[in-house]
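In this note's numbering, the protein residues as written are 73 to 684. Data block below; observations after.
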């Protein structure tokens, strides 16, 4: 194999999986170390630069980073086989930074003292639009955010129940952005893109979400319509206080996170017999595993493999729902088909049905003669890297771009769109994205001293404390999760393997004494003859079986051997560097800061300042 260039983003991508799995590329190990050190404000700022909403995402993120966490690869199952190999609680540690930070407003960018003369309109005040505004306003752009609601937040405010996300957290973090000199025009729906463009905006960003809930066109839907509600509309009515109670028997149709929010909200508004009924199997549900666990913890059953067949009613009064029992059959390409089992159709009585089977985009206000093209699903045709539409000065992001995803994806879209808008309005080619900033910094303080805590914790993942379920169900605005306290946060942060602190090997200093190989607790270091990767993987001290994880390979050493390290199971414990008599091993922190709007011209980034 060829020697590894450890300084490249490509290699970093394969080793520090959590930062790359996060669409906003948050420096996860960095902020976790800061939390362990009690530097909550610093940890918050590292988060704020990347994901913009640490307090919000620390409660609601879909956690794309956690499945990539390497902690789960090195844990051993308990003897009884019950303990799962679980990642670090990255998401809930993010909330710790938000909960325990000091007043950070002086550390935020300031509103531009002088505008640059360019005007940008953002349609919708959700996470994508607010990210665009946050990135562009400090650069001098006059950013105007339009939204039909009185407060900013979009779906964060209208579709996530307050028992998961308190309103004061939304107010605080959207306020940080609006205070950057952003003009917020609340209560203003955009009814015509053509009319908006005529106002002379230099660029327009569409971040209006996917506002239309999918319905079910089955017998009885029209007749019993008074008791059948679309889930996202119902949640919005609950959020604004228009709905304050619900009937005793409730059925929620759908298996996503919206369905989980509906059923848990219904329990708090008076629903005593609340069921979630899903057409798929339990494991195939789109809801996050922890969302399903929370619903079941509150006594809500989830019934699977049932397809709604008709709504039953008595003179228009809903009486229940009839279902068809199905099973999943998969073809050779893994595509699923639902096949009736032939069993009798079950019928469940209810007073109200909440339909949460999906969301759709809706752009009736965008005239089709403007040059903005749409595909057969009604989604805008976009450049996925730049977020630019077929009308060059109009950009899309969040759910409005590619359909429903989640908050962190909306933030990522906002960052990319802001870079594009900034480059477009400065006469630069938007497809040529400035590269991220990278550096390697030694962590050595002495022979056996490092700037990071290299002790590896053997603790299992800690559970976030919850409010007593009886108290939680009495008030829809009481937050259920209590969050980690500083002591629990420290213990959970210690589980992080510091994957961004790399073992860097200098072959010219190596005397091939094999001391590092002997001291390694994971047997992940080998000195052997070079060869093709498949053969080399089999010849290591502990065969490297995860072919998706890069090997760290040195140049040819004095004896003709090479050093090979299996990054898949390395603990970054620094024992190899401590044991090496010649200093051939070093522990160096890899800092990667993604490009933000304005980085290329200023030569620096607020992100770099925050992280370092």
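Backbone N, C-alpha and C define an ideal beta-carbon position, used for all residues, glycine too. Quick caveat, the model's predicted, so the values are computed rather than measured.
Residue i - containing beta strand (DSSP E), residue span
i: residue 660; result: 657 to 665
i: residue 275; result: 275 to 278
i: residue 179; result: It is not in any beta strand (DSSP E) - residue 179 carries neither H nor E in the DSSP assignment.
i: residue 446; result: Taken as a continuous stretch (DSSP letters only), residue 446 belongs to no beta strand (DSSP E), as it is neither H nor E.
i: residue 396; result: 389 to 402
i: residue 724; result: With the chain running from 73 to 684 in the structure shown, residue 724 is simply not present.
i: residue 598; result: 597 to 600
i: residue 386; result: 378 to 386
i: residue 290; result: Careful: residue 290 lies outside any beta strand (DSSP E) and carries neither H nor E.
Enclosing alpha helix (DSSP H) for residue i [first to last residue]
i: residue 114; result: 112 to 123
i: residue 32; result: Residue 32 lies beyond the range of the chain shown here (73 to 684); nothing can be said about it.
i: residue 203; result: 199 to 208
i: residue 166; result: 162 to 172
i: residue 266; result: 265 to 269
i: residue 515; result: Counting along the chain, residue 515 falls outside any alpha helix (DSSP H), and DSSP gives it neither H nor E.
i: residue 84; result: 81 to 87
i: residue 69; result: One cannot answer for residue 69 here, as it falls past the ends of the chain, which runs 73 to 684.
i: residue 364; result: 361 to 369
i: residue 348; result: Careful: residue 348 lies outside any alpha helix (DSSP H), inside the beta strand (DSSP E) at 345 to 349.
i: residue 101; result: 100 to 108
i: residue 126; result: 126 to 132
i: residue 333; result: 329 to 340
Length of the line joining the Cα atoms of residue i and residue j
i: residue 362; j: residue 656; result: 44 angstroms
i: residue 191; j: residue 87; result: 41 angstroms
i: residue 95; j: residue 120; result: 14 angstroms
i: residue 364; j: residue 342; result: 20 angstroms
i: residue 505; j: residue 467; result: 16 angstroms
i: residue 340; j: residue 548; result: 5 angstroms
i: residue 126; j: residue 481; result: 14 angstroms
i: residue 425; j: residue 345; result: 12 angstroms
i: residue 272; j: residue 438; result: 17 angstroms
i: residue 676; j: residue 91; result: Because residue 676 sits at a pLDDT of 42, beneath the cut-off of 50, its placement in the model cannot be relied upon, and the following sentence gives the value as read from the coordinates. Roughly 21 angstroms separates the two Cα atoms.
i: residue 580; j: residue 74; result: 16 angstroms
i: residue 232; j: residue 552; result: 13 angstroms
i: residue 507; j: residue 93; result: 18 angstroms
i: residue 237; j: residue 574; result: 36 angstroms
i: residue 623; j: residue 651; result: 21 angstroms
i: residue 605; j: residue 479; result: 39 angstroms
i: residue 537; j: residue 337; result: 20 angstroms
i: residue 315; j: residue 500; result: 50 angstroms
i: residue 109; j: residue 124; result: 22 angstroms
i: residue 685; j: residue 658; result: Because the chain is modelled from 73 through 684, residue 685 falls outside the range shown and cannot be assessed.
i: residue 221; j: residue 503; result: 34 angstroms
Distance between beta carbons of residue j and residue i, contact taken as under 8 angstroms
i: residue 112; j: residue 173; result: 5 angstroms
i: residue 487; j: residue 473; result: Going by Cβ atoms, the distance from residue 487 to residue 473 rounds to 13 angstroms, so no, they are not a contact pair.
i: residue 325; j: residue 288; result: 7 angstroms
i: residue 295; j: residue 388; result: 5 angstroms
i: residue 600; j: residue 491; result: The pair is not a contact, with the Cβ atoms about 44 angstroms apart (cut-off 8 angstroms).
i: residue 465; j: residue 442; result: Contact flag wrong, Cβ pair sits at about 11 angstroms.
i: residue 592; j: residue 545; result: Actually they do not touch by this definition, with Cβ atoms about 51 angstroms apart.
6 angstroms CB neighbourhood of residue i in its chain, flanking five on each side removed
i: residue 284; result: 432, 434
i: residue 101; result: 568, 570, 571, 572
i: residue 255; result: 216
i: residue 103; result: 115, 118, 119
Residue-chain proximity (residue i, chain C), Cβ-Cβ < 8 angstroms
i: residue 323; result: Looking for chain C here will not work: only one protein chain is present.
Cβ neighbours of residue i in the same chain (closer than 7 angstroms, five flanking residues each side left out)
i: residue 494; result: 208, 211, 669, 670
i: residue 369; result: 541
i: residue 513; result: 660, 661, 663
i: residue 353; result: 376, 377, 400
i: residue 447; result: 453
i: residue 180; result: 248
beta-carbon residue i near the ligand PLP non-hydrogen atom, thresh 7 angstroms
i: residue 379; result: Although the ligand PLP was asked about, the structure shown includes no ligands whatsoever.
Close Cβ partners of residue i (< 8 angstroms) along its chain, the five nearest in sequence each way excluded
i: residue 372; result: 335, 336, 339, 346, 347, 348
So, does the region 319 to 331 touch the region 341 to 359, judging by three or more C-beta pairs under 8 angstroms? yes
Pair every Cβ in the region 245 to 252 with every Cβ in the region 205 to 219, then say whether three or more of these pairs are closer than 8 angstroms. yes
Cβ pair count under 8 angstroms reaching 3, the region 611 to 618 against the region 583 to 597: yes
Check whether the region 399 to 411 and the region 451 to 460 are in contact - that is, three or more C-beta pairs closer than 8 angstroms. no
Does the structure place the region 185 to 199 close enough to the region 261 to 278 that three or more beta carbon pairs sit under 8 angstroms? yes
How do the region 312 to 326 and the region 410 to 424 stand: do at least 3 beta-carbon pairs fall below 8 angstroms, yes or no? yes
Could you say if the region 383 to 403 and the region 295 to 314 meet the contact criterion of at least three C-beta pairs nearer than 8 angstroms? yes
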